[in-house]
Amino acid sequence: MTSGRRRPGLALLTLAVYAFLYAPLVVLVVFSFNAGRLSGAWEGFTWEWYARLLANPQVIMSLRNSLLVAFLTTAVCTALGTAAALAFHRWRMARPGPVEALLLLPMVVPEIVLASALLLFFAAVGLRLGLLTVVLAHLSFSLSYAVIVVRARLAGFDRSLEEAAMDLGARPWRTFLKVTLPGIAPGVLAAALLVFALSIDDYVVTSFVAGVGATTLPLHIYSMVKSGISPEINAVSTLLLLATSLLLLAAFLLERGRMRGAVLPGLAGLGLLLWPFALARPAGGGERVLNLFIWSGYIAPETVRKFEQRTGARVNLDLYDSNEALLAKVQAGGAGYDVLCPSNYVIEVLIRQDLLQALDHRALPHLVNLDPRFFDLRFDRGNRYSVPYFWGTAGIGYNRRRVGEVDSWAALWDARYRGRVLMLDDARETFGAVLKWTGHSLNATEPVLLRRAQELLFAQKPLVRAYNSSNYEDVLLSGDVWLAQGWNGQFAKVMDQDPDLAYVVPREGSSLFLDSLVIPAGAPHPELAHAFIDFTLEAEIAAEICATMQYSTPNRAAVPLLPEAVRRNAAVFPPPEVTARAELIEDIGEATLLYDRLWTEVKTRR
Ligand code: N2P
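If you're matching positions, the sequence shown starts at 165 in the numbering used here and goes up one per residue.
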């Protein structure tokens, strides 16, 4: 035997590997107690994030959903997996036959393929997306793993023990319970743990098949990242880590036959996993729910809470950061949303495809608060389908201390700022910026123009740190980038926090957007949807939404209620000379496909 002491190099290497494996987890646990909000630096000890976590119904709800799905998936998968493994083992196939091979196939099918196949399948059989579809999807990708793990254990299992039991008169069921199961228990337990782990953290498949009200923890964490990551996430992850470690410890002790010793960690682990069920407000039971799907950075949680208090309904809030993502979700069908907030040019498409519901203006008495300038526009005459929510511009947010004053798109191509530029992840906006810069309309459709624009975007790639349409303002605030293309409101928000930050709509012109609330066809709660839209039209509420999010409100009655600083902020309400050089993004029909293809090429080329 060669001991570690005699081979110090080996010991060191082992240590390094373990450090590599565990360092990120240690950092996560440590930072869940960090007083500072923007991760990175240690600013003192606090329990605050754990307290906030307990007070955050969205996180608790999503954790509950994740656990529910994971428990169900684990139970069904382990039972089915064990049965299948036994069957395959009994057949004693020398080589895996086609039946067995088919069962294992899902393991090698790329997750993204499985995800779209499942979505398509659920739509085809008319199954509404929700927790059930998530469980079914998780079953489909974890069953193979359960089979493999149990089968491995069976390989070392002596069948003659079963035969002996039967010879002694035990019936098959009794033989299974008394002889087979105890023999393969460690394998079954390992399979259960593996399936649980696979299910609890799945993002890709779940994001396709979740629908509303079925937001799991990974989906929620991802949507939180869009609005700036919060240390609450570190707290919840630490708790999950603790719970799973305790369960692993219990399993380990059980395997060694230390029944008694396993009780405490086992119960503690389970307890840690069960508290969200006690805390989460029970769904269903005649509860009214509004499923809201809106841009990230468009409504504050406090405003949503106000609506909940007023109506007694619960709001499921899901966020997106591109019109294309919204459109894809709605076109796939079955998503179950009640209110959406697309841009004007997407509303046109949705109306044409019959995907929106006509509004009942009698249920929207506060419509009178809107500025007539935003009423009866070409994309929706008479506002049959849409109620303006925010408008604004795209432009450049920049750090004066780093780049001085900026007034042209050219700054985003300046070689001095290599690695310090951020662009929106949005075909219409990136191509729009280049088209404007080079003196064209951002609604241009001529392939030659678009290819030329693409060349410039290719040329810009080495300077670009990230394509990001969600929390670009945080990236600018953190100092990671010095110049960022983005929409005005989020820049206006961070300019309050750092006087060096500024926002400009370049002199060559830029885009103008108008985003409106709409109700999709087949929305499950149209009446509550009208109530919500009317709520956002109330002068005080519209003012609160504008003051917290700092996008420009089309609500005339709200403007006098705004704090002076917001009302006068040119980044929130662009002056006429700025809007004069901005152009409304319009629907360009077929050419959209070309934009999308050229944009994907820009992002994927190395
Ligand atoms: C919200 C971005 C504004 C939407 N994050 C532009 N249509």
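Note that the Cβ used here is the ideal one computed from N, Cα and C, for glycine as well. Just so we're clear, the structure is a prediction, and the values are computed from it rather than from any experiment.
### Message
Check whether the segment 567-585 and the segment 725-745 touch, using three or more Cβ-Cβ pairs below 8 Å as the test.
### Response
Because the criterion of three Cβ pairs below 8 Å is not met, the segment 567-585 and the segment 725-745 do not touch.
Roughly how many angstroms separate the alpha carbons of Leu-405 and Asn-632, rounded to a whole number? Taking the straight line from one Cα to the other gives about 30 Å.
* To do: Confirm, please, whether the CB-CB distance from Gln-495 to Ala-685 is below 8 Å.
  => At least 8 Å separates the beta-carbon of Ala-685 from that of Gln-495.
Just to check my reading of the structure: Leu-678 and Asn-533 have Cβ atoms closer than 8 Å, yes? What is that Cβ distance to the nearest angstrom? Contact between Leu-678 and Asn-533 is ruled out by a C-beta separation of about 16 Å, above the 8 Å threshold.
(Q) Rounded to the nearest angstrom, what separates Ala-432 and Thr-402 at their Cα positions? (A) Taking the straight line from one Cα to the other gives about 15 Å.
- Query: Taking C-alpha atoms, which residue in Glu-212, Glu-593, Arg-170 lies nearest to Glu-747?
  - Reply: Of the candidates Glu-212, Glu-593, Arg-170, the one whose C-alpha sits nearest the C-alpha of Glu-747 is Glu-593.
Practice task
Put Pro-740 into one of helix, strand or coil per three-state DSSP.
Solution key: When secondary structure is reduced to three states using DSSP, Pro-740 falls in the helix class.
- Task: For Pro-771, name the three-state secondary structure that DSSP assigns.
- Result: There is no way to answer for residue 771, as the model of the chain reaches only from 165 to 770.
If the criterion is Cβ atoms closer than 8 Å, does the pair Pro-626 and Asp-502 meet it?
Going by C-beta atoms, Pro-626 is not nearer than 8 Å to Asp-502.
DSSP state of Trp-211 mapped onto helix, strand, coil
Shown here, Trp-211 sits in coil according to DSSP, grouped into three states, outside any helix or strand.
**Asked** Do three or more CB pairs link the segment 304-318 to the segment 232-249 at distances below 8 Å?
**Response** The segment 304-318, when compared against the segment 232-249, does touch it at the 8 Å Cβ threshold.
- prompt: Where do the ends of the beta strand (DSSP E) carrying Ser-674 lie?
  reply: Run containing Ser-674: 674-682, per the beta strand (DSSP E) assignment.
### Query
Just how far apart, CA to CA, sit Val-567 and Tyr-553?
Answer to the nearest angstrom: the Cα atoms are 34 Å apart.
For a quick check, are the C-beta atoms of Val-668 and Gly-596 less than 8 Å apart? No. Outside cutoff.
Check your understanding: Taking the Cβ atom as the reference point for each residue, do Pro-395 and Ile-224 lie within a distance shorter than 8 Å?
Key -> No, the Cβ-Cβ distance between Pro-395 and Ile-224 is not below 8 Å.
**Prompt:** In the structure shown, what three-state DSSP assignment does Tyr-186 receive?
**Reply:** Three-state DSSP puts Tyr-186 in a helix.
From this set, Tyr-309, Pro-336, Asn-563, Glu-264, which residue's C-alpha is nearest Asp-644's C-alpha?
Minimum Cα distance to Asp-644 is reached at Asn-563.
Checklist entry - Ala-329 to Thr-238, Cα distance in whole Å? => result Straight-line Cα distance between these residues: approximately 30 Å.
Looking only at its chain, what residues have a beta carbon closer than 6 Å to the beta carbon of Pro-350, apart from the 5 residues adjacent to it on each side? Glu-419, listed in sequence order.
**Request:** Have a look at the DSSP bridge pairing and note the partners of Tyr-667.
**Result:** DSSP, once it has assigned bridges, lists Gly-561 as partnering Tyr-667.
Notebook entry, point to check: Considering only residues of the same chain and omitting the five flanking positions on each side of Tyr-549, which have a CB-CB separation below 7 Å?
Noted result: For Tyr-549, where only same-chain residues beyond five positions count, the Cβ hits under 7 Å are Ile-511, Ile-515, Leu-520, Ala-522, Leu-523, Val-682.
For the ligand N2P, is there any heavy atom lying closer than 7 Å to the beta carbon of Phe-677? Yes, the beta carbon of Phe-677 sits closer than 7 Å to at least one heavy atom of the ligand N2P.
Practice task
From the DSSP output, in three-state form, read off Trp-206 for me.
Solution key: Trp-206 falls in the coil class under three-state DSSP.
### Query
Which residues share a DSSP beta bridge with Ile-458?
The partner list for Ile-458 (beta bridge, DSSP) reads Leu-483.
* Might you give, ordered along the chain, the residues of its own chain that have their beta carbon closer than 6 Å to the beta carbon of Thr-743, omitting 5 neighbours on each side? => Cβ neighbours of Thr-743 beyond the five flanking positions: none.
- Message: Can you determine whether any heavy atom of the ligand N2P sits closer than 7 Å to the C-beta of Ser-460, and answer yes or no?
- Response: Yes - the ligand N2P has a heavy atom lying nearer than 7 Å to the Cβ of Ser-460.
> What are the boundary residues of the alpha helix (DSSP H) that Trp-439 is part of?
Replying inline: Where Trp-439 is concerned, the enclosing alpha helix (DSSP H) stretches over 423-443.
| query | If Ser-196 sits next to Thr-379, beta carbons under 8 Å apart, how far is it from one beta carbon to the other, in whole angstroms? | reply | Distance from Ser-196 to Thr-379 at the Cβ level is roughly 22 Å; contact not present, criterion being Cβ atoms closer than 8 Å.
Next item on the list: Assign Phe-696 to one of three DSSP states: helix, strand, or coil.
Entry: Secondary structure of Phe-696 (DSSP, three-state): helix.
**Prompt:** How would you write the range of the alpha helix (DSSP H) that Val-311 sits in, first residue to last?
**Reply:** Per DSSP, the continuous alpha helix (DSSP H) segment holding Val-311 begins and ends at 295-319.
* What is the DSSP secondary structure of Tyr-509, counted as helix, strand or coil? -> Residue state, collapsed to three classes: helix.
Would you tell me roughly how many angstroms separate the C-alpha atoms of Ser-363 and Val-233, rounded to the nearest one? Going by the C-alpha atoms only, they are around 7 Å apart.
Starting from Gln-714 and walking both ways along the beta strand (DSSP E), at which residues does that stretch end? Where Gln-714 is concerned, there is no enclosing beta strand (DSSP E), given that its DSSP letter is neither H nor E.
- Message: Below 7 Å, is the gap between the Cβ of Gln-521 and the nearest heavy atom of the ligand N2P?
- Response: Gln-521 has its Cβ no nearer than 7 Å to any heavy atom of the ligand N2P.
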